[in-house]
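So the sequences go chain by chain: A and B. Counting from 1, one number per residue, gives the positions in the first sequence under this note's numbering. Counting from 111, one number per residue, gives the positions in the second sequence under this note's numbering. Input: a single structure, listed below in structure tokens.
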Amino acid sequence: MAKGWKDLPIGGMILEAGNSAQYNTGAWRAFRPVRDASRCTNCMFCWVFCPDSSIRVKDEKMVGFDLLHCKGCGICANVCPVKCIEMHDEAEFGGSREMVDEPGRAGGAK
Amino acid sequence: MSEFKALDGTGAVAEAMRQINPDVVAAYPITPQTAIVQTFSEFVADGLVDTEFITVESEHSALSACVGAAAAGARVMTATSSAGLAFMWEILYVAASNRLPIIMTNVNRALSAPINIHCDHSDSMGARDAGWIHLFCENAQEAYDTVIQAVRIAEHPDVLLPVMVLFDGFITSHAEERVEIFDDAWVKAFVGEYKPKHSLLDLDHPVTYGPLDFTDYYFEHKRQQVEAMRHAQKVILDVADEFAKTFGRKYGLFEMYRLDDAEVAVVVSSSTAGTARAAVDKLRAQGAKVGLLKPRVFRPFPAQEMVAALQHLKAVGVMDRAISFGSMGNAGPLFLELAAAMKIYDAGVPMADFVFGLGGRDIVPSQIEGVFRSLLQIAETGKVSELVSYVGVRE
Ligand code: SF4
Ligand code: SF4
Numbered sequence: 001m002a003k004g005w006k007d008l009p010i011g012g013m014i015l016e017a018g019n020s021a022q023y024n025t026g027a028w029r030a031f032r033p034v035r036d037a038s039r040c041t042n043c044m045f046c047w048v049f050c051p052d053s054s055i056r057v058k059d060e061k062m063v064g065f066d067l068l069h070c071k072g073c074g075i076c077a078n079v080c081p082v083k084c085i086e087m088h089d090e091a092e093f094g095g096s097r098e099m100v101d102e103p104g105r106a107g108g109a110k
Numbered sequence: 111m112s113e114f115k116a117l118d119g120t121g122a123v124a125e126a127m128r129q130i131n132p133d134v135v136a137a138y139p140i141t142p143q144t145a146i147v148q149t150f151s152e153f154v155a156d157g158l159v160d161t162e163f164i165t166v167e168s169e170h171s172a173l174s175a176c177v178g179a180a181a182a183g184a185r186v187m188t189a190t191s192s193a194g195l196a197f198m199w200e201i202l203y204v205a206a207s208n209r210l211p212i213i214m215t216n217v218n219r220a221l222s223a224p225i226n227i228h229c230d231h232s233d234s235m236g237a238r239d240a241g242w243i244h245l246f247c248e249n250a251q252e253a254y255d256t257v258i259q260a261v262r263i264a265e266h267p268d269v270l271l272p273v274m275v276l277f278d279g280f281i282t283s284h285a286e287e288r289v290e291i292f293d294d295a296w297v298k299a300f301v302g303e304y305k306p307k308h309s310l311l312d313l314d315h316p317v318t319y320g321p322l323d324f325t326d327y328y329f330e331h332k333r334q335q336v337e338a339m340r341h342a343q344k345v346i347l348d349v350a351d352e353f354a355k356t357f358g359r360k361y362g363l364f365e366m367y368r369l370d371d372a373e374v375a376v377v378v379s380s381s382t383a384g385t386a387r388a389a390v391d392k393l394r395a396q397g398a399k400v401g402l403l404k405p406r407v408f409r410p411f412p413a414q415e416m417v418a419a420l421q422h423l424k425a426v427g428v429m430d431r432a433i434s435f436g437s438m439g440n441a442g443p444l445f446l447e448l449a450a451a452m453k454i455y456d457a458g459v460p461m462a463d464f465v466f467g468l469g470g471r472d473i474v475p476s477q478i479e480g481v482f483r484s485l486l487q488i489a490e491t492g493k494v495s496e497l498v499s500y501v502g503v504r505e
């Protein structure tokens, strides 16, 4: 649980450098991108256009989304030339913020 | 060794600032505060202080520069009045919420419109919920003494809040008085060195001031500000004690004058308290049991202490130099807060509000005697015929 007022630095001060990595900004996403990997050509358009650097790439292949930071803006789905990304209502996933495309890497900072 | 000088309120504050020698002063001129920063800028030009003096294009910028400098770990001071304070509004909250111990003298002046450069308390009263400590001063000596104490109060680790030092425009700011100026070295020793715990310039311990603070943490940070205000009262009294030991003059949360055996009393702050004291003496000489309570610390409001000092009375009259438009009875802020405190802490004393002096309208001893006579009548009948009256307004 988040700390109470007695244990927090005053004035909203942040005392550690680089801790924004711990802030999971994907928590308020309303739509989730879901990719059909079988049709993906690894063109990297989504990687170029994603404003939140939430496209995961490994060995020059698009391997999934960082759902801890993806805001669900839908840009990736829009720019994908083969239309293999679909946006789904978050509610369909039961409120889980786990990675869908890469189960082994669920949770934690990037 | 201290020295006695002929100084007006602005000169006395400028002297205190010279002796405190703050790291940064950022200010914009506005009547009747101008003479403070004008005099201080001469000290800067003459090399009497080490202060970085930042000239800015507005009060919003002045306080913004103060916020940045304070976050960088500097001891910071500024001064303003009236519309200048109003223009700082957004940054007043930023300074308090970022817990920056900035010291600001606000020379109380009416707010526009119609435009008016003279004294009333509408400016600082409007800012009473912004999270600053408010200290009212009766005269130039109190202004000088209070600015010195304000540094210690603001910077105390249990407080870390900005402080407003308040006194009456023109009446106190521009009237020459006999002011005791302490030895530079004593003041320097009293205020000590400011060692901020977190500074933007401390590269070994990087820190972020003023980040985004949403639904998840903002409320906790407001709760911390409440705690700082709670601590402030004790710190204000401790600093006042140390000041009395060092310099000989005593300060408290408020001042009581012939109050112990009084039957009725007036509550009034700042320069008018001096006039009220003379009215008390005159009526006492005629056998009337009247007294005075002069609030000094308005934020944090010493509710229980004031009630304890007033609960033995048969009538209390508050004199407000501001109106809270549309409030209960269109009363003044001091009355509203004190009346609530008297009720909450079970002091069944009839009370009335006397709004006076708006836009610098003079208040003379005979008018305060009139207030006392109204109070004596309330004491006799137990009835308040008029909750709020306006002293000195033409019908
Ligand atoms: S939905 Fe937006 S934020 Fe999420 S991966 Fe696609 S482009 Fe990036
Ligand atoms: S834009 Fe479409 S096809 Fe190209 S890498 Fe991304 S998901 Fe694959």
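In this text, a Cβ means the ideal position worked out from N, Cα and C, and glycines have one as well.
Legend: CB atoms of the stretch 318-334 of chain B lying less than 9 angstroms from CB atoms of chain A belong to residues T318, Y319, G320, P321, L322, D323, D326, Y327, Y328, F329, E330, H331, K332, R333, Q334. Any heavy atom of ligand 1 within less than 6 angstroms of a residue's beta carbon puts that residue on the list, which reads A:P33, A:C50, A:D52, A:S54, A:I55, A:F65, A:C70, A:K71, A:G72, A:C73, A:G74, A:I75, A:C76. Among the residues facing chain A, B:H341 is not included, as its CB has no counterpart in that chain under 8 angstroms away. In this model, B:A116 and B:A126 are separated by some 14 angstroms (Cα to Cα). Taking 8 angstroms as the cut-off, the beta carbon of B:G469 is found closer than this to the beta carbon of B:D230.
Counting only residues of its own chain and dropping the five nearest sequence neighbours on each side, A:F49 has a CB closer than 6 angstroms to the CB of I75, V79. B:R288 sits exposed, since fewer than 16 C-beta atoms from the chains shown fall within 10 Å of its C-beta.
B:A181 has its alpha-carbon roughly 8 angstroms from the corresponding atom of B:H308. Fewer than three beta-carbon pairs drawn from the stretch 412-429 of chain B and the stretch 185-193 of chain B are found closer than 8 angstroms, and the two stretches are therefore not classed as touching. Nearest to B:A196 by C-alpha distance, out of B:N218, B:A175, B:E252, is B:N218. Using a Cβ-Cβ cut-off of 8 angstroms, B:L270 counts as an interface residue toward chain A, since at least one Cβ of chain A sits closer than that to its own. At least one heavy atom of ligand 2 sits closer than 7 angstroms to the Cβ of A:V82. It is roughly 13 angstroms from the alpha-carbon of B:M438 to the alpha-carbon of B:L448. Cβ-Cβ separation between B:K404 and B:A389: approximately 13 angstroms, too far for a contact (criterion under 8 angstroms). For the stretch 201-222 of chain B, the set of positions with a beta-carbon nearer than 7 angstroms to some beta-carbon of chain A reads S207, N208, R209 in chain order. For B:P316, a Cβ of chain A is located within less than 8 angstroms of the residue's own Cβ.
With fewer than three CB-CB distances shorter than 8 angstroms, the stretch 453-462 of chain B does not count as touching the stretch 387-402 of chain B.
Setting aside the 5 residues that flank it on each side, B:A260 is surrounded in the same chain by I213, L245, V273, V275, each with a C-beta closer than 7 angstroms to its C-beta; the list follows chain order.
The straight-line gap separating the alpha-carbon atoms of B:D314 and B:P321 is approximately 20 angstroms. Straight through space, the alpha carbons of A:D59 and A:W47 are spaced by roughly 14 angstroms. Taking a C-beta distance under 8 angstroms as the contact criterion, A:I10 and B:R209 qualify as a contact pair.
Per DSSP, the unbroken beta strand (DSSP E) holding B:A375 starts and ends at 374-377.
If you draw a straight line from the Cα of B:F153 to the Cα of B:E479, it comes to about 44 angstroms. For B:H231, the nearest beta carbon of chain A is not closer than 8 angstroms to its own beta carbon. The bridge partners DSSP lists for B:V217 are B:F277. B:T385 and B:D472 have their alpha carbons spaced roughly 11 angstroms apart.
In this structure, B:A425 sits near B:V374, with a CB-CB distance shorter than 8 angstroms. For A:G12, at least one C-beta of chain B is nearer than 8 angstroms to its own C-beta.
A:A30 has its alpha-carbon roughly 27 angstroms from the corresponding atom of A:G18. Following the DSSP letters along the chain, one finds B:E303 in no alpha helix (DSSP H), marked with neither H nor E.
Inter-residue distance for B:V257 and B:I263 is about 10 angstroms (C-alpha atoms, whole angstroms).
Using a 10 angstroms sphere on the CB of A:M62, the tally of other CB atoms reaches 16 or more, which defines it as buried. At a cut-off of 8 angstroms between beta-carbon atoms, B:H308 makes contact with chain A.
With fewer than 16 other Cβ atoms inside 10 Å of its own Cβ, A:T41 counts as exposed. Among the CB atoms of chain B, one or more fall inside 8 angstroms of the CB of A:L8. DSSP, reduced to helix, strand and coil, places B:L403 within a strand of the structure shown.
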